[in-house]
Amino acid sequence: MRIKEALLPTRSTSAVVAFFDRLGCVVTRDGPSVTVRIGLSEVRFVERDFDGSHHLAFTIPTGTFARAHQWLEQRTPLLSIDDRTEFEGPESWNSRSMYFDGPDGQVLELIERRGLPSRHVESFTAADLECVSEIGVAVPDVLAAVTTLRAAGIQPYGNKPTGDFAAVGDIDGLLILVTPGRAWFPTTSRHVADTPVTVNTSVERELTRGAGKSLQPANANPAERAPTD
């Protein structure tokens, strides 16, 4: 399930531009919105007020973790627990990650999924980011959202879903379903943003969530609308 497009709110498009420019990503301004190219994915940010923090993870080529770590820490602070900045994922994921500060309080992540083919990278750059691997979505009822997504052909991934956390999708792309108020790992204070999110995936299902509503398949094109309550 490749994440092709995502639409998220931001408090400051200028902060988004400054941050992703510093990483070396392709950033495009289009009126009130900003679009960031991450490999095969695009993330569009539209300015609005909200509480909490968003989470995005970006896939890096298998075998490039050390180079990606060196590249990233030269550009932005890494998030840590007890001075650790590298974290193994769940055993069922066969992955490892590093987390970092994004603009507007975002908790961002680079993830190496060892089940994907390896690729040699001589000197890591933003052009080596392969795609958006994960996007966090707040839902009032995680297990009900999992049921809805099963009906749309999107299955749970890795560990069994719980009442406050579930990953759905596959090794190419995941929706991380969480309840409002939960903190994004590895922080204890950056809580899930309970805001509308729209995701367009390669399984030809667009998924949207309005604040306080369940995640549901939708027909509208995310390029044609901004998030609204």
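Just so you know, numbering that gives the first Met the number 0 puts 222 at position 223 of the sequence shown, and the rest follows in order with no gaps.
Virtual Cβ for every residue (Gly too), placed ideally from N, Cα, C.
Can you tell which of the options has the C-alpha that lies nearest to the C-alpha of residue i?
| i | options | result |
| --- | --- | --- |
| E85 | E41, L176 and A67 | A67 |
| G132 | T186, V42, I80 and S91 | Reading the sequence as shown, one finds Ser at residue 132 and not Gly. Residue V42 is the option with its Cα nearest to S132. |
| E129 | A14, T9 and A56 | A56 |
| E72 | G30, V26, E46 and T124 | T124 |
| H54 | N199, G168 and H190 | H190 |
| T61 | P185, E90, H119 and T194 | H119 |
| Y98 | I59, R113 and L115 | I59 |
| T178 | A192, G157, S40 and A17 | A192 |
| P160 | D140, V16 and T194 | D140 |
| P89 | I170, G180 and A182 | I170 |
| F184 | T194, I80 and G23 | I80 |
| L6 | R83, P31 and G23 | P31 |
| M0 | A65, E87 and S40 | S40 |
| F231 | A126, S188 and P8 | For the chain, the structure presents residues 0 to 228; residue 231 sits outside this window and is missing. |
Is the beta carbon of residue j closer than 8 Å to that of residue i?
| i | j | result |
| --- | --- | --- |
| L176 | V202 | no |
| F19 | V35 | yes |
| V196 | A165 | no |
| E111 | S94 | yes |
| L142 | G114 | no |
| T186 | L78 | yes |
| I2 | I153 | no |
| T63 | V33 | no |
| D103 | R28 | no |
| N158 | E4 | no |
| V138 | Y156 | no |
Is any heavy atom of the ligand MG found at a distance shorter than 7 Å from the C-beta of residue i?
| i | result |
| --- | --- |
| E4 | Looking at this structure, you won't find the ligand MG or any other ligand, since it has none at all. |
Name the one or two DSSP bridge partners that residue i has.
| i | result |
| --- | --- |
| L107 | L55 and F99 |
| L78 | None; L78 has no bridge partner. |
| F86 | S96 |
| R43 | L6 and T34 |
Contact defined as beta carbons within less than 8 Å: I believe residue i pairs with residue j. What is the distance between those atoms, to the nearest angstrom?
| i | j | result |
| --- | --- | --- |
| S96 | L109 | 7 Å |
| R74 | R21 | 6 Å |
| V106 | S52 | 6 Å |
Do we get a CB-CB distance below 8 Å when we pair residue i with the residues of chain D?
| i | result |
| --- | --- |
| T197 | The structure shown contains no chain D; it holds only a single protein chain. |
*Within the region 110-190, note down every full alpha helix (DSSP H) run reaching 4 residues or more, in order along the chain.*
The region 110-190 contains these whole alpha helix (DSSP H) runs: 141-150.
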